[in-house]
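Asker: For the sequence shown, position 104 (counting from the first letter as 1) is numbered 281 according to our numbering, and the numbering increases by one without interruption.
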Amino acid sequence: MYPTHPSQAGAGSAALYLRCYPYDHWGMTAHLHALEDHAARLGFSNPRLFLDNGISSRAADRPQLRMLLSRAATGQIDTVIVPGRWTFSLDDPTADAITSFLRSVGTDIIELPGRRRAAA
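Structural data, given as structure tokens:
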């Protein structure tokens with residue numbers, strides 16, 4: 178399970194990561210707004226967006242993910258907010274490796290809270 182809030186909300190640099198395949202002409206607007214709203218509720222202002230639009234999770238080169246990982250490794254990003262772990266990869270071992278790397282360099286990973294169904 179991943180945290181739904183950072184240790185100290187707004188204390189450091191936050192990033193939003195989205196990946197969409199196939200290419201989404203609208204840039205995943207609904208997902209982006211949900212991430213931005215959640216980041217604001219947590220106290221992060223102006224998180225940096227990393228968007229691999231039109232790139233499969235199977236692609237070896239995901240330039241924005243590569244840049245995100247590089248910046249996290251150098252301490253420039255301490256929190257990454259994603260819709261879900263699947264954003265990193267649909268392949269569980271690959272998603273696990275990415276989340277493990279981010280945690281190993283001290284980066285928190287926050288997933289959007291799931292939608293709750295109304296009681297029937």
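Glycine included, C-beta positions come from ideal geometry on N, C-alpha and C.
1) For A249 and R196, what's the separation of their Cα atoms in angstroms?
2) Since P240 and H208 are thought to touch, with beta carbons under 8 Å apart, how far apart are those beta carbons, to the nearest angstrom?
3) Is L246 helix, strand or coil when you go by DSSP?
4) Could you compute how far the alpha carbon of L279 sits from the alpha carbon of R218?
5) Going by other Cβ atoms of all chains shown within 10 Å of its Cβ, with 16 needed for buried, is P224 buried or exposed?
6) Which two residues bound the contiguous beta strand (DSSP E) that contains T256?
7) Compare the C-alpha of A237 against each of I258, E213, F265, D255 and name the closest.
8) For A272, I'd like the list of residues in its chain whose CB is within less than 7 Å of its CB, leaving aside the five on either flank, ordered along the chain.
Answerer: Taking the geometry as given:
1) Position 72 of the sequence shown, counted from the first residue, corresponds to residue 249. Position 19 of the sequence shown, counted from the first residue, corresponds to residue 196. Their backbone Cα atoms lie some 18 Å apart in a straight line.
2) As a position in the sequence shown, residue 240 is number 63, starting the count at 1. As a position in the sequence shown, residue 208 is number 31, starting the count at 1. Wrong, their Cβ atoms sit about 19 Å apart, outside the cutoff.
3) Walking along the sequence shown from the start, residue 246 turns up at place 69. Reduced to three states, the DSSP call for L246 is helix.
4) For the purposes of this step, residue 279 is taken as residue 102 along the sequence shown, with counting starting at 1. For the purposes of this step, residue 218 is taken as residue 41 along the sequence shown, with counting starting at 1. Each residue's Cα considered, the two are about 22 Å apart.
5) Within the sequence shown, residue 224 is the residue found at index 47, counting from 1. Buried, because 16 or more other Cβ atoms sit within 10 Å of the Cβ of P224.
6) As a first step, residue 256 must be located in the sequence shown, where it is residue number 79. Unbroken beta strand (DSSP E) run through T256: 256-259.
7) By one-based count along the sequence shown, residue 237 stands at place 60. The option with the nearest alpha carbon to A237 is F265.
8) Here residue 272 refers to the residue found at position 95 of the sequence shown. Once the five neighbours on either side are set aside, the close Cβ partners of A272 are R262, W263, F265, S266.
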